[in-house]
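**Student:** For the first sequence, the residue numbers in the working numbering are 5 to 588.
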Amino acid sequence: MRMSKLLIPTLKEDPSDAEVISHKLMLRAGMIRKLTSGIYSYLPLGYRSLRKVEQIVREEMDAAGAQEVFLPAVQPAELWKESGRWNVYGPELLRFKDRHNRECCFGPTHEEVVTDLVRRDVRSYKELPLNLYQIQTKFRDEIRPRFGLMRGREFIMKDGYSFDATEEGAEKSYRAMWEAYSRIFSRCGLRFRAVEADSGPIGGSFSHEFMVLADTGEDTVVSCDTCDYAANLEKAEIRQPAVAPPAGPGSKKRVTTPGMSTIEQVSEFLGVKARDLIKTLILRTERGPVAVLIRGDHDLNEIKIKNMLNVTEIELADQRTIEDVTGGPTGFSGPIGLKNVQVLADNAILGMTSAVVGGNEQDVHVVDVNPQTDFHVDVYGDLRSAQEGDLCPRCQGRLSFTKGIEVGHVFKLGDKYSRAMNATFLDAQGEDRPMIMGCYGIGVSRTVAAAIEQNHDQDGIIFPPAIAPFTVIVTPVGAKAQEIEDTAELIYRELWEHGIDALLDDRDERPGVKFKDADLMGIPFRVTVGKKTLSQGKVELRDRQTKAVELIDVAGVLQEVKSRSAGWQPLPRNRTCGGTLPRE
RNA sequence: CGGGGUGUAGCGCAGCCUGGUUAGCGCGCGUGCCUUGGGAGCACGAGGUCGCCGGUUCAAAUCCGGCCACCCCGACCA
Numbered sequence: 005m006r007m008s009k010l011l012i013p014t015l016k017e018d019p020s021d022a023e024v025i026s027h028k029l030m031l032r033a034g035m036i037r038k039l040t041s042g043i044y045s046y047l048p049l050g051y052r053s054l055r056k057v058e059q060i061v062r063e064e065m066d067a068a069g070a071q072e073v074f075l076p077a078v079q080p081a082e083l084w085k086e087s088g089r090w091n092v093y094g095p096e097l098l099r100f101k102d103r104h105n106r107e108c109c110f111g112p113t114h115e116e117v118v119t120d121l122v123r124r125d126v127r128s129y130k131e132l133p134l135n136l137y138q139i140q141t142k143f144r145d146e147i148r149p150r151f152g153l154m155r156g157r158e159f160i161m162k163d164g165y166s167f168d169a170t171e172e173g174a175e176k177s178y179r180a181m182w183e184a185y186s187r188i189f190s191r192c193g194l195r196f197r198a199v200e201a202d203s204g205p206i207g208g209s210f211s212h213e214f215m216v217l218a219d220t221g222e223d224t225v226v227s228c229d230t231c232d233y234a235a236n237l238e239k240a241e242i243r244q245p246a247v248a249p250p251a252g253p254g255s256k257k258r259v260t261t262p263g264m265s266t267i268e269q270v271s272e273f274l275g276v277k278a279r280d281l282i283k284t285l286i287l288r289t290e291r292g293p294v295a296v297l298i299r300g301d302h303d304l305n306e307i308k309i310k311n312m313l314n315v316t317e318i319e320l321a322d323q324r325t326i327e328d329v330t331g332g333p334t335g336f337s338g339p340i341g342l343k344n345v346q347v348l349a350d351n352a353i354l355g356m357t358s359a360v361v362g363g364n365e366q367d368v369h370v371v372d373v374n375p376q377t378d379f380h381v382d383v384y385g386d387l388r389s390a391q392e393g394d395l396c397p398r399c400q401g402r403l404s405f406t407k408g409i410e411v412g413h414v415f416k417l418g419d420k421y422s423r424a425m426n427a428t429f430l431d432a433q434g435e436d437r438p439m440i441m442g443c444y445g446i447g448v449s450r451t452v453a454a455a456i457e458q459n460h461d462q463d464g465i466i467f468p469p470a471i472a473p474f475t476v477i478v479t480p481v482g483a484k485a486q487e488i489e490d491t492a493e494l495i496y497r498e499l500w501e502h503g504i505d506a507l508l509d510d511r512d513e514r515p516g517v518k519f520k521d522a523d524l525m526g527i528p529f530r531v532t533v534g535k536k537t538l539s540q541g542k543v544e545l546r547d548r549q550t551k552a553v554e555l556i557d558v559a560g561v562l563q564e565v566k567s568r569s570a571g572w573q574p575l576p577r578n579r580t581c582g583g584t585l586p587r588e
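1) Checking the sheet assignment: what are the DSSP bridge partners for Ser404?
2) Give me the DSSP bridge partner(s) of Tyr444.
3) Looking only at its chain, what residues have a beta carbon closer than 8 Å to the beta carbon of Pro468, apart from the 5 residues adjacent to it on each side?
4) Who does Tyr137 pair with in a DSSP beta bridge?
5) Consult DSSP for Leu494 and reduce its assignment to one of helix, strand or coil.
6) Would you kindly work out how many angstroms separate the C-alpha atoms of Met312 and Val296, rounded to a whole number?
7) Which whole-angstrom value is the C-beta distance of Ile340 and Asp378, which I expect to be below 8 Å?
8) Mind checking whether Arg388 and Asn314 have CB atoms under 7 Å apart?
9) Going by C-alpha to C-alpha distance, which of Gln376, Tyr129, Thr334, Gly335 sits closest to Leu354?
10) Following a CB-centred definition, is Glu64 positioned closer than 6 Å to any heavy atom of the ligand NAD?
11) Report buried or exposed for Thr40, applying the criterion of at least 16 other Cβ atoms within 10 angstroms of its Cβ.
12) In this structure, does DSSP put Asn236 in helix, strand or coil?
13) Does the beta-carbon distance from Gly363 to Phe336 come in below 7 Å?
14) List in chain order: all unbroken beta strand (DSSP E) runs of 3+ residues lying wholly within the stretch 528-566.
15) Using beta-carbon positions only, say whether Val225 and Ala240 come within less than 7 Å of one another.
16) Would DSSP call Tyr93 helix, strand or coil?
17) Please identify the residue among Leu136, Asp21, Ala33, His27 whose C-alpha is closest to the C-alpha of Val517.
18) With DSSP as the reference, label Ile488 as helix, strand or coil.
19) Do Arg258 and Val347 have their C-beta atoms closer together than 7 Å?
20) Report the option in Lys162, Arg37, Leu217 whose CA atom is closest to the CA atom of Pro576.
21) With a threshold of 6 Å on Cβ separation, who are the neighbours of Arg37 within its own chain once the five nearest residues in sequence on each side are excluded?
22) Could you name the residues that DSSP lists as bridge partners for Ala295?
23) Spell out a yes or no on whether the stretch 473-481 and the stretch 494-509 are touching, meaning 3 or more CB-CB pairs, one atom from each, closer than 8 Å.
24) Below 6 Å CB to CB, which residues in the same chain sit around Asp18 once its five sequence neighbours on both sides are set aside?
25) Cβ atoms of Leu136 and Gln79: under 7 Å apart, would you say?
26) Between Phe405, Arg514, Glu23, Ile309, which lies nearest to Ala234 when the distance is taken from Cα to Cα?
27) Have a look at Gly412 and Phe196 and give me their C-alpha separation to the nearest angstrom.
28) Grouping DSSP H, G and I as helix and E and B as strand, with all else coil, what is Ile43?
29) Taking the alpha carbon of Ile495 as the reference point, which residue from Asp557, Lys484, Val448 has its own alpha carbon closest?
30) Identify the residues that DSSP records as bridge partners of Ala77: which are they?
31) Within a Cβ cutoff of 7 Å, which residues of the same chain sit near Gly50, ignoring the five residues on either side of it in sequence?
32) How big is the Cα-Cα spacing for Asp301 and Leu281?
33) Note the first and the last residue of the continuous alpha helix (DSSP H) segment covering Pro515.
34) Suppose the cutoff is 6 Å on Cβ atoms and the five residues either side in sequence are ignored; what does the same chain contact list for Arg568 look like?
35) How should Lys310 be labelled, buried or exposed, when 16 other C-beta atoms within 10 angstroms of its C-beta is the threshold for buried?
36) Looking at Ala453 and Ser26, is the spacing between their C-beta atoms short of 7 Å?
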């Protein structure tokens with residue numbers, strides 16, 4: 005395509021309302037424009053990239069046995085009431101009424117619709133398994149949309165749903181999707197990692213998130229430096245080192261700590277390390293308050309506590325609750341003498357001796373406390389978040405942290421929706437049974453943004469060829485000369501005729517402008533046609549990623565571009581992929 | 001929703017505190033000349049309800065009140 009005819013409004017300066025790199029660069033490269041908060045238009049360049057990702061997704065989903073459908077975006081409230089989510093989903097669900105005053109919503113996801121579709125037309129185990137997917141616009145009325153396409157309210161998502169007759173079948177479907185996802189992100193040219201994620205009440209390792217690795221990512225990927233264990237921070241398990249034999253009771257000396265209510269204050273005041281303190285946190289759940297003991301230098305993990313207690317709501321207790329439970333003010337809670345409240349403790353507490361705890365009284369702490377003898381704990385468990393350097397739960401390695409952006413999620417749903425919505429089939433024995441479901445999402449528009457977060461430099465975007473809006477840009481430069489223009493045209497046509505997405509910068513601009521725009525747009529290869537080299541019958545081929553320039557024959561451009569884009573690799577920084585599948 | 005901030009030409013900003021000629025600057029845009037290997041130069045030009053509504057004042061971009069929009073920090077998630 006010819007650049008002079010395309011709407012590619014590049015900008016020299018960063019727009020003021022863009023904060024993250026992908027947002028800035030997509031605006032500057034003329035890929036997107038904002039309509040309103042969290043809602044964007046895709047211009048030709050942005051849409052081309054998006055479609056490349058979509059196409060890869062399609063090919064891999066189809067290859068994995070999934071079938072593409074297209075489900076309605078506007079959905080009736082009845083369906084959501086049936087699944088029970090109408091009252092659960094909250095304000096993120098965009099609700100409205102039609103002219104007949106019927107309640108509707110704009111689909112943020114499609115479990116209800118797809119389950120309804122399948123229950124109407126699938127009757128027998130002979131028709132299963134079934135895997136349906138679609139690529140379409142979703143709307144989630146996020147509290148705070150931000151970071152451009154990274155967290156928009158309206159976004160493009162691939163969502164897929166599998167239906168199986170048996171648990172084993174469902175696991176097989178899950179595994180097929182896991183593998184398809186790995187292929188998709190590999191083909192996109194991204195460094196990523198599949199990590200174990202929390203699967204809530206279903207349990208097991210039947211939830212994986214696919215994370216594009218990027219320093220600017222919001223999520224923390226925890227991975228082992230030795231084996232291929234990887235999980236997100238919420239999920240990452242902790243292996244506690246062997247516990248020392250129980251010490252005898254401590255002296256339990258009460259000390260005055262005026263106004264010292266934080267870990268930092270107390271440790272500094274008493275001259276001890278944070279790891280020698282025990283935090284006593286009073287939490288409120290829908291089933292009443294609990295006390296949780298965490299070592300001073302550790303962080304509480306709410307997900308783990310929710311799972312252990314099997315509750316859905318958890319928050320730090322307010323002042324009054326703390327006083328009711330401990331008898332003392334906020335900031336001085338301790339485990340000694342706690343009654344009428346369940347006491348949970350992280351495994352690390354077991355290994356402590358001579359610890360410092362709160363005195364459940366204003367300005368009082370207790371030192372020289374030994375957990376195994378000096379206070380009561382109802383349950384010990386893994387209740388904290390992993391830290392770098394912790395032991396790997398699978399091997400002798402250590403855990404390290406990387407930043408990531410979640411672009412995909414595979415999840416085993418079980419019979420949650422099929423049971424609620426009565427999506428059943430007849431098995432071989434003629435018995436009615438709910439289908440076993442799985443759901444699989446890819447944030448297509450977010451994948452484009454994540455690719456940019458991962459691959460950019462000072463000059464702009466560095467697109468992997470597989471998802472670049474154009475593979476190559478042909479740039480005639482220098483004073484107007486027929487030979488230069490003709491050669492550029494020739495090369496451009498040859499590329500295009502051989503199925504290479506080529507862009508011809510036929511604008512009447514100075515070379516510097518063309519080079520800057522080409523870099524900004526992140527087009528992987530640039531063929532520069534100028535008099536400097538044309539006199540020797542050569543043109544320049546520049547690699548956007550390495551910045552390496554090579555002189556090649558005009559006739560060799562096609563072959564060179566083909567082989568280079570096929571062999572393109574992301575710059576090595578971490579292991580490209582990995583993660584563990586659920587065991588067979 | 002709580003906390004912080006911004007709204008002046010397509011984009012980036014100054015002016016506002018201390019009210020007062022015709023509201024400026026850079027980029028971009030148009031025309032012409034010139035230039036052509038990393039966002040050139042000169043000249044001329046177009047482009048503004050100063051977010052909206054109201055108030056104070058002889059006079060409001062500027063002071064006051066209300067509203068709206070957007071951005072950033074917290075609870076969500078592809």
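Note that CB positions come from ideal geometry on N, CA and C, so glycine has one too.
**Tutor:** So, from the listed chains and residues:
1) For the purposes of this step, residue 404 is taken as the residue at position 400 of the first sequence. When DSSP reads this structure, Ser404 sits in a beta bridge with Ser227.
2) One-based indexing of the first sequence puts residue 444 at position 440. Bridge partners of Tyr444: Gly164, Val414.
3) Position 464 of the first sequence holds residue 468. Cβ-Cβ distances below 8 Å link Pro468 to Cys192, Gly193, Leu194, Ala455, Asn459, Pro528, Trp572, Pro574 in the same chain, with the five nearest sequence neighbours on each side left out; the list follows chain order.
4) For the purposes of this step, residue 137 is taken as the residue at position 133 of the first sequence. According to DSSP, residue pairing for Tyr137 in a beta bridge involves Glu72, Gly164.
5) As a first step, residue 494 is located in the first sequence; it is residue number 490 there, counting from the start. The answer is helix: DSSP assigns Leu494 an H, G or I state.
6) Position 308 of the first sequence, counted from the first residue, corresponds to residue 312. Position 292 of the first sequence, counted from the first residue, corresponds to residue 296. Spanning the alpha carbons of Met312 and Val296 requires a straight line of approximately 12 Å.
7) Counting from one through the first sequence, the residue named residue 340 turns up at place 336. Counting from one through the first sequence, the residue named residue 378 turns up at place 374. About 6 Å separates the two Cβ atoms, so the contact holds.
8) What you label residue 388 is simply residue 384 of the first sequence in a count that begins at 1. What you label residue 314 is simply residue 310 of the first sequence in a count that begins at 1. The answer is no: Cβ separation not under 7 Å.
9) Position 350 of the first sequence, counting from 1, holds the residue named residue 354. With distances taken between Cα atoms, Leu354 lies closest to Gln376.
10) The ligand content of the structure shown is nil, which means the ligand NAD is not present either.
11) The residue labelled residue 40 in the question sits at position 36 within the first sequence. With fewer than 16 neighbouring CB atoms inside 10 Å of its own CB, Thr40 falls in the exposed class.
12) The count along the first sequence starts at 1 and reaches residue 236 at position 232. DSSP places Asn236 in strand when its eight states are reduced to three.
13) Counting from one through the first sequence, the residue named residue 363 turns up at place 359. Counting from one through the first sequence, the residue named residue 336 turns up at place 332. Note that the C-beta distance between Gly363 and Phe336 is below 7 Å.
14) Along the length of the stretch 528-566, whole beta strand (DSSP E) runs at least 3 residues long occupy 529-533, 542-547, 553-557, reported in chain order.
15) Numbered from 1 along the first sequence, position 221 holds the residue referred to as residue 225. Numbered from 1 along the first sequence, position 236 holds the residue referred to as residue 240. Using a Cβ distance threshold of 7 Å, Val225 and Ala240 do not count as a contacting pair.
16) To locate residue 93, count along the first sequence from 1; it is residue 89. The DSSP-derived three-state label of Tyr93 is coil.
17) To locate residue 517, count along the first sequence from 1; it is residue 513. For the residues Leu136, Asp21, Ala33, His27, the minimum Cα distance to Val517 belongs to Ala33.
18) Here residue 488 is taken as the residue at index 484 of the first sequence, counted from 1. In the three-state DSSP reduction, Ile488 falls in the helix class (H, G or I).
19) As a first step, residue 258 is located in the first sequence; it is residue number 254 there, counting from the start. As a first step, residue 347 is located in the first sequence; it is residue number 343 there, counting from the start. Result no, Cβ atoms of Arg258 and Val347 do not sit closer than 7 Å.
20) In the first sequence, counting from the first residue as 1, residue 576 sits at position 572. Closest option to Pro576, Cα to Cα, is Leu217.
21) The sequence position of residue 37 within the first sequence is 33, counting from 1. For Arg37, where only same-chain residues beyond five positions count, the Cβ hits under 6 Å are Ser45.
22) Working through the first sequence from its first residue, we reach residue 295 at position 291. In DSSP, Ala295 forms a bridge with Ile286, Val347.
23) Counting C-beta pairs with one atom in each stretch, the stretch 473-481 and the stretch 494-509 have three or more that are closer than 8 Å, which means they touch.
24) Within the first sequence, numbered from 1, the residue matching residue 18 stands at position 14. Taking Asp18 as the centre and dropping the five residues before and after it, the same chain places the C-beta of Lys28 closer than 6 Å to its C-beta, in chain order.
25) Mapped onto the first sequence, residue 79 falls at position 75. Mapped onto the first sequence, residue 136 falls at position 132. Cβ atoms of Gln79 and Leu136: not closer than 7 Å.
26) As a first step, residue 234 is located in the first sequence; it is residue number 230 there, counting from the start. Nearest option by C-alpha distance: Phe405.
27) In the first sequence, the residue the question calls residue 412 occupies position 408. In the first sequence, the residue the question calls residue 196 occupies position 192. Roughly 10 Å between the two C-alpha positions.
28) As a first step, residue 43 must be located in the first sequence, where it is residue number 39. Three-state result, Ile43: strand.
29) Reading the first sequence from its first residue, position 491 is the one you call residue 495. For the residues Asp557, Lys484, Val448, the minimum Cα distance to Ile495 belongs to Asp557.
30) Against the first sequence, residue 77 aligns to sequence position 73. Paired residues: none, contrary to the question.
31) Indexing the first sequence from 1 puts residue 50 at position 46. Excluding residues within five positions, the ones whose Cβ falls inside 7 Å are Met30, Met35, Ile36.
32) Taking the first sequence and counting its residues from 1, one reaches residue 301 at position 297. Taking the first sequence and counting its residues from 1, one reaches residue 281 at position 277. Straight-line Cα distance between these residues: approximately 8 Å.
33) As a first step, residue 515 must be located in the first sequence, where it is residue number 511. 515-525 is the span of the alpha helix (DSSP H), which, as asked, contains Pro515.
34) As a working note, residue 568 is residue 564 in the first sequence. Answer for Arg568: no residue qualifies.
35) As a working mapping, residue 310 is identified with position 306 in the first sequence. By the 10 Å Cβ count, Lys310 comes out buried.
36) Locating residue 26 in the first sequence gives position 22, where the first residue counts as 1. Locating residue 453 in the first sequence gives position 449, where the first residue counts as 1. Ser26 is a Cβ neighbour of Ala453, given a cutoff of 7 Å.
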